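> Once you've had a glance at the structure underneath, I'll fire off some questions.
Numbering (my numbering), first residue to last: 19 to 81.
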């Protein structure tokens, strides 16, 4: 089971690696600032058959 996931920041294009925790649920969502450009993104984490899928969208697109 993976303990890390990765996504690409929509603002700067940097690939970001984050820790993921399957004990927090199969569908997770949280806001995190990009460590490179500091723009906030909504991070989505889905666990499917013990594999993780991570993707992000800009926070401002959510509202």
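Ideal Cβ positions, reconstructed from N, Cα and C, are used throughout, including at glycine.
Please read all numbers here as calculations on a predicted model, not as lab measurements.
1) Between which residues of its own chain and residue 28 is the CB-CB distance below 6 Å, once the five residues before and five after are set aside?
2) Assuming residue 52 contacts residue 22 (C-beta within less than 8 Å), just tell me the rounded distance between them.
3) If I measure Cβ to Cβ from residue 36 and keep anything under 6 Å in the same chain, skipping five residues before and after, which residues do I get?
4) Helix, strand or coil for residue 68, going by three-state DSSP, please let me know.
5) Tell me the rounded alpha-carbon separation between residue 25 and residue 46.
On the basis of the coordinates in this document:
1) Position 10 of the chain shown holds residue 28. Correct list, in chain order: 76.
2) Within the chain shown, residue 52 is the residue found at index 34, counting from 1. Within the chain shown, residue 22 is the residue found at index 4, counting from 1. Residue 52 to residue 22, Cβ: 16 Å. No contact.
3) One-based indexing of the chain shown puts residue 36 at position 18. 23.
4) By 1-based counting over the chain shown, the position of residue 68 is 50. The answer is coil: DSSP assigns residue 68 none of H, G, I, E or B.
5) To locate residue 25, count along the chain shown from 1; it is residue 7. To locate residue 46, count along the chain shown from 1; it is residue 28. Distance between the alpha carbons of residue 25 and residue 46: 14 Å.
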